[in-house]
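Chains as they are written, first to last, in this note's numbering: chain R, -4 to 178; chain W, -4 to 178.
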């Protein structure tokens, strides 16, 4: 029993660990941007849908609204510095692709570019948007998935090969050993 | 450059790692249930909102609809077995609280119970629901947060003390070392 040892905290965003991803948007051959987001999650299995929370003040927000799609790029732990950078500067004042040497590659099903250097790229088309306050939640249907062949085992993403990161209260963490086997 | 080494996978739910949580619903002094969910994420910072994807066929779906609220209980790694169990049996046929010796404690702001044994409990009131296909997405506003005092450092949740888990492609993982310091 833990009764009696609980503390009440202010209502806040304490759901952790969450993913940390690089979302790309715009047009692969025109205006585009990359933004780091952690307020993202899977929303549905069939069709597969991803929900991303974006502040309306962000440059990327207007691009997602205008083009109606986005790409979720999952990082390797070695790419955490890219996430930190893309979460700290605005695409209004800087071409983050050029600055970081990232390749905005043409996607197969959406206009937003995918980032060639990231091991997983999930192409999403916006189905709906909900205004919640500080953030609007875009719900995107997954239309295509690309993955580096070196992170796959039997055609599935293998966390041991990918070396992904989780985000917890402002810091990035690698994953450690499995607590349980896949069921 | 990774160009040329990408493989195209079928559209699927490949956004990982994601949280794995125990969501409680119903009435702390009446009908209630606990369901394991991984299709959850933070949706907004102000007000803090959490989105959870629930299949309409689930017993918990009806309870969340009827009472209009839920509690997100975050586990310690040692509680992964509880998540596995609560994700594999239905509350229609079993009282999971009794079976597992979990204490459904009264919440402060919602009717759904919180699980006393879990280190973090996030009380949420449903703001809206979106039907997506296999899952409906409930968006809940966070009204209260409870945390075991032994997982806090300077009033904030400390992952080193909490020992949380992340969910990746069907398996649970502990977090390893920090890739970067909090900014």
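Glycine is no exception: its CB is placed at the ideal position from the N, C-alpha and C atoms.
The beta strand (DSSP E) spanning residue i covers which residue range?
{"i": "residue 136 of chain R", "result": "131 to 143"}
{"i": "residue 59 of chain W", "result": "Looking at the DSSP string, residue 59 of chain W is not in any beta strand (DSSP E); the run it does join, the alpha helix (DSSP H), is 54 to 62."}
{"i": "residue 161 of chain W", "result": "160 to 163"}
{"i": "residue 49 of chain W", "result": "44 to 49"}
{"i": "residue 127 of chain R", "result": "That residue, residue 127 of chain R, is in no beta strand (DSSP E); it is neither H nor E in DSSP."}
{"i": "residue 8 of chain W", "result": "Counting along the chain, residue 8 of chain W falls outside any beta strand (DSSP E), and DSSP gives it neither H nor E."}
{"i": "residue 19 of chain R", "result": "16 to 21"}
{"i": "residue 3 of chain W", "result": "1 to 4"}
Is any beta-carbon of chain W found at less than 7 Å from that of residue i?
{"i": "residue 173 of chain R", "result": "yes"}
{"i": "residue 84 of chain R", "result": "no"}
{"i": "residue 152 of chain R", "result": "yes"}
{"i": "residue 127 of chain R", "result": "yes"}
{"i": "residue 15 of chain R", "result": "no"}
{"i": "residue 7 of chain R", "result": "yes"}
Output, in chain order, the set of chain R residues within a Cβ distance shorter than 9 Å of residue i.
{"i": "residue 24 of chain W", "result": "Near residue 24 of chain W there are no residues of chain R at all, since even the closest Cβ is about 16 Å away, more than 9 Å."}
Along the chain, where does the alpha helix (DSSP H) that runs through residue i open and close?
{"i": "residue 81 of chain R", "result": "75 to 81"}
{"i": "residue 101 of chain W", "result": "No alpha helix (DSSP H) contains residue 101 of chain W, which DSSP labels as neither H nor E."}
{"i": "residue 92 of chain W", "result": "91 to 95"}
In three-state DSSP terms, what is residue i?
{"i": "residue 29 of chain W", "result": "strand"}
{"i": "residue 72 of chain R", "result": "helix"}
{"i": "residue 171 of chain W", "result": "strand"}
{"i": "residue 38 of chain R", "result": "strand"}
{"i": "residue 154 of chain W", "result": "helix"}
Residues of chain R with CB under 8 Å from residue i, in chain order?
{"i": "residue 35 of chain W", "result": "10, 36"}
{"i": "residue 30 of chain W", "result": "The premise fails here: residue 30 of chain W is roughly 15 Å from chain R at the closest Cβ pair, so nothing lies under 8 Å."}
Answer with yes or no whether the minimum CB distance from residue i to chain R is below 7 Å.
{"i": "residue -3 of chain W", "result": "Confidence at residue -3 of chain W is low in this model, with a pLDDT of 45, below 50, so its placement is unreliable and no value can be given for it."}
{"i": "residue 77 of chain W", "result": "no"}
{"i": "residue 2 of chain W", "result": "yes"}
{"i": "residue 99 of chain W", "result": "no"}
{"i": "residue 170 of chain W", "result": "yes"}
{"i": "residue 93 of chain W", "result": "no"}
{"i": "residue 20 of chain W", "result": "no"}
List the residues of chain W that residue i touches, going by C-beta distances under 7 Å, in chain order.
{"i": "residue 145 of chain R", "result": "0"}
Which residues in chain W have a C-beta closer than 8 Å to the C-beta of residue i? List them in chain order.
{"i": "residue 123 of chain R", "result": "125"}
Return the residues of the segment 38 to 71 of chain R that lie within a Cβ-Cβ distance of less than 9 Å from chain W, sorted by chain order.
-> Hits within the stretch, in order: 38, 39, 40, 41, 42, 43, 44, 45, 46, 47, 48, 50, 67, 69.
Please list the residues of the segment 106 to 121 of chain W that have a C-beta atom closer than 7 Å to any C-beta atom in chain R, keeping them in chain order.
-> Listed in sequence order: 111, 112, 115, 117.
Within 9 Å of chain R by C-beta, residues of the segment 130 to 143 of chain W in sequence order = Under the 9 Å Cβ criterion, the segment 130 to 143 of chain W contributes 130, 131, 132, 134, 136, 137, 138, 139, 140, 141, 142, 143.
Compile a chain-ordered list of the residues in the segment 157 to 168 of chain R whose CB is closer than 8 Å to at least one CB of chain W.
-> The residues in question are 159, 160, 161, 163, 164, 165, 166, 167, 168.
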